[in-house]
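Colleague: Before we start, here is the structure in question, set down as structure tokens.
Residue numbers (this note's numbering): 57 to 160.
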């Protein structure tokens, strides 16, 4: 596998990891140019993704920590999901409403 193919594979892994909580994959959003605006994460979820991504870049692309952190910052700026401190609360409210509706 050449370097460009490896980078695309890692990019796909990053996208898939971001979308995991939403039950989506890269294939689901590949044809939607604004997909990254449709899903929201908390700052804590973004930090966890950043940590996970840095480790992935170090292992898969053999980058040092500083370079991996810089690449992840660029990735999040360009492809990162919208960050909202209330994102988790909104998901929980939606789940509670769904449960209440089912029990009626």
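Glycine is no exception: its CB is placed at the ideal position from the N, C-alpha and C atoms.
Considering only their Cβ atoms, is the gap separating residue 75 from residue 66 smaller than 8 Å?
Modeller: No, these two residues do not count as a Cβ contact at 8 Å.
Colleague: Taking residue 133 and residue 113 to be in contact with their CB atoms under 8 Å, please state how far apart those CB atoms are, rounded to whole angstroms.
Modeller: At roughly 15 Å, the Cβ-Cβ gap does not stay under 8 Å, so residue 133 and residue 113 are not in contact.
Colleague: With a Cβ-Cβ cutoff of 8 Å, do residue 73 and residue 108 count as a contact?
Modeller: Yes, the Cβ-Cβ distance between residue 73 and residue 108 is below 8 Å.
Colleague: From this set, 96, 121, 116, 117, which residue's C-alpha is nearest residue 139's C-alpha?
Modeller: Selected option, being the one with the closest Cα: 96.
Colleague: Determine the burial state of residue 93: buried for a count of at least 16 other Cβ atoms within 10 Å of its Cβ, exposed for fewer.
Modeller: Residue 93 comes out exposed.
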